[in-house]
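Okay, so here's the structure we're looking at.
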């Protein structure tokens with residue numbers, strides 16, 4: 043049975059403060075929940091309108107679609123909603139390529155980037171501390187289950203970069219063409235900056251390589267590419283093997 | 043002065059039906075409005091909280107921020123809102139590369155793809171008739187002014203492809219690697235399918251080349267890349283010149 047406490051808890055997890063206090067977040071939709079089931083994440087409670095998940099041993103509650111609509115964050119809920127435990131991030135694997143995001147603010151962008159990283163086999167994303175929370179429901183939704191496979195750490199970017207000797211690259215509106223200046227990037231970090239302001243001067247100073255994606259037309263428009271598009275192109279260029 | 047009729051008209055333009063009847067749509071934000079000013083589009087009426095646009099000869103209305111909040115489609119409006127005339131799409135330039143979108147449904151995706159096409163110098167997008175409307179406010183917002191520069195036609199895809207003899211390619215989950223099988227694509231069309239279902243079997247039959255973006259990891263996850271990411275990678279691969 044759906045209890046008042048369930049409703050209260052789920053509503054509270056819309057905000058970062060209560061996700062942090064409760065160490066829980068919400069995942070909706072069968073496919074994404076299965077991705078989390080198949081990962082190391084712990085499903086605290088599952089709310090289902092049907093018996094899709096009956097074969098799993100889960101702490102689950104059956105409810106009507108109307109009840110699901112009451113607790114769902116979506117306009118058109120997708121039959122299942124899970125409360126999942128936020129686990130402590132794993133150690134960063136510094137023998138592989140890492141993606142760094144400085145002050146990323148748009149949840150849709152972060153979700154898309156998590157999915158892109160998953161596609162390209164990137165295991166670790168590092169976000170600067172004031173970046174959007176990866177357990178924000180819009181991030182979870184846009185990541186389409188990839189959040190279950192990509193390890194995300196929030197930390198002091200400046201300190202982290204200072205302490206490491208691997209290759210540090212960043213993407214800028216001006217720099218070396220990503221198409222012409224590829225280096226072997228089996229380990230190191232590529233940093234992408236905030237949607238509006240790019241990489242801060244403070245972080246720029248710490249970087250060894252400044253990459254840019256050249257514009258393909260002769261005008262000055264558009265000013266920039268969307269952040270998720272930039273990440274797609276940069277990872278495609280650096281990681282593809284012929 | 044902001045009139046009741048203004049408010050009524052602007053609210054009505056939220057829906058496709060009334061955009062179509064009135065042949066008008068809404069653009070918000072200084073940068074995007076300037077992009078439309080610098081294009082062949084006609085600004086019917088401009089609502090401004092300040093004098094940023096006073097140097098232009100526009101049919102404009104000064105209003106308070108509170109009044110702007112009343113008419114804006116955004117939570118945090120950006121000082122200016124313009125009603126813009128929907129112009130008849132231009133002829134498709136079939137001597138250049140065209141992007142085809144079959145039944146694209148997510149407005150954020152279409153907006154992102156318009157911006158990506160603008161970046162890559164693509165002038166023409168063709169959408170199948172039941173694709174999301176490019177004058178939908180979320181599309182306009184996500185395109186960041188690029189909608190003023192990219193020509194979008196909605197037409198019967200099947201008929202259009204049947205009538206043309208240029209190269210027709212499409213992107214699929216299985217196909218020839220986009221990294222290995224590039225052809226000179228100075229003219230022709232590349233089709234991308236619906237977010238959930240991909241390209242329909244009917245359209246697939248009309249295509250000369252089936253491209254895929256190979257996965258960069260050994261698992262079966264994620265199932266797919268986001269549509270806008272796919273467009274970014276495909277255009278980057280096909281159009282870049284070393």
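Residue numbers (this note's numbering), protein chains in the order written: chain A, 43 to 284; chain B, 43 to 284. By construction, the Cβ of each residue, glycine as well, lies at the ideal position given by its N, Cα and C atoms.
Partner residues on chain A for residue i, Cβ-Cβ distance less than 7 Å
i, result
"residue 274 of chain B", "271, 274 and 275"
"residue 118 of chain B", "Within chain A, no residue comes near residue 118 of chain B; the closest Cβ sits about 13 Å away, beyond 7 Å."
Proximity test, Cβ basis, 8 Å: residue i and chain B
i, result
"residue 234 of chain A", "no"
"residue 162 of chain A", "yes"
"residue 71 of chain A", "no"
"residue 29 of chain A", "A question about residue 29 of chain A goes unanswered here, because the residues of chain A that appear run from 43 up to 284."
"residue 278 of chain A", "yes"
Cβ distance (whole Å) where residue i is taken to contact residue j below 8 Å
i, j, result
"residue 191 of chain A", "residue 266 of chain A", "Not confirmed; about 29 Å, so no contact."
"residue 1 of chain B", "residue 212 of chain B", "Chain B is shown from 43 up to 284; residue 1 of chain B falls before or after that span and cannot be answered."
"residue 83 of chain B", "residue 127 of chain B", "7 Å"
"residue 160 of chain A", "residue 138 of chain A", "Between residue 138 of chain A and residue 160 of chain A the Cβ distance is about 14 Å, and since that is not below 8 Å, they are no contact."
"residue 145 of chain B", "residue 173 of chain B", "6 Å"
"residue 197 of chain A", "residue 168 of chain A", "6 Å"
"residue 88 of chain B", "residue 100 of chain B", "5 Å"
"residue 237 of chain A", "residue 148 of chain A", "6 Å"
"residue 170 of chain A", "residue 143 of chain A", "7 Å"
"residue 264 of chain B", "residue 163 of chain A", "Wrong, their Cβ atoms sit about 11 Å apart, outside the cutoff."
Under 8 Å by beta carbon: chain B residues contacting residue i
i, result
"residue 158 of chain A", "267, 268 and 271"
"residue 114 of chain A", "Here the premise fails: no neighbours, minimum Cβ distance about 19 Å."
Near the ligand NAD: residue i beta-carbon under 7 Å from a heavy atom
i, result
"residue 139 of chain A", "This structure lacks the ligand NAD; in fact it carries no ligand of any kind."
Neighbouring residues, chain A, relative to residue i (Cβ below 8 Å)
i, result
"residue 145 of chain B", "Correct list: empty, because the minimum Cβ distance to chain A is about 18 Å."
"residue 154 of chain B", "268, 270 and 271"
Proximity test, Cβ basis, 8 Å: residue i and chain A
i, result
"residue 258 of chain B", "yes"
"residue 150 of chain B", "yes"
7 Å Cβ cut-off: residues of chain B touching residue i
i, result
"residue 188 of chain A", "264"
### Query
In the region 130 to 197 of chain A, which residue ranges form an unbroken beta strand (DSSP E) of at least 3 residues, counting only runs that do not cross its ends?
If we require 3 residues or more, the beta strand (DSSP E) runs fully inside the region 130 to 197 of chain A come out as 139 to 143, 166 to 170 and 193 to 197.
### Query
Are there three or more Cβ pairs, one per stretch, closer than 8 Å when the region 268 to 277 of chain B is compared with the region 149 to 159 of chain B?
yes
### Query
Which whole runs of the alpha helix (DSSP H) in the region 196 to 241 of chain B are 4 residues long or more, in chain order?
199 to 204
### Message
With three or more C-beta pairs closer than 8 Å as the rule, is the region 195 to 202 of chain B touching the region 81 to 98 of chain B?
### Response
no
#### Entry: Inter-stretch contact at 8 Å, needing at least 3 Cβ pairs: the region 111 to 126 of chain B / the region 48 to 66 of chain B
yes
### Message
Measuring CB atoms only, is the region 252 to 266 of chain A touching the region 215 to 222 of chain A, in the sense that at least three cross pairs come out at less than 8 Å?
### Response
Put simply, the region 252 to 266 of chain A touches the region 215 to 222 of chain A. At least three CB pairs are less than 8 Å apart.
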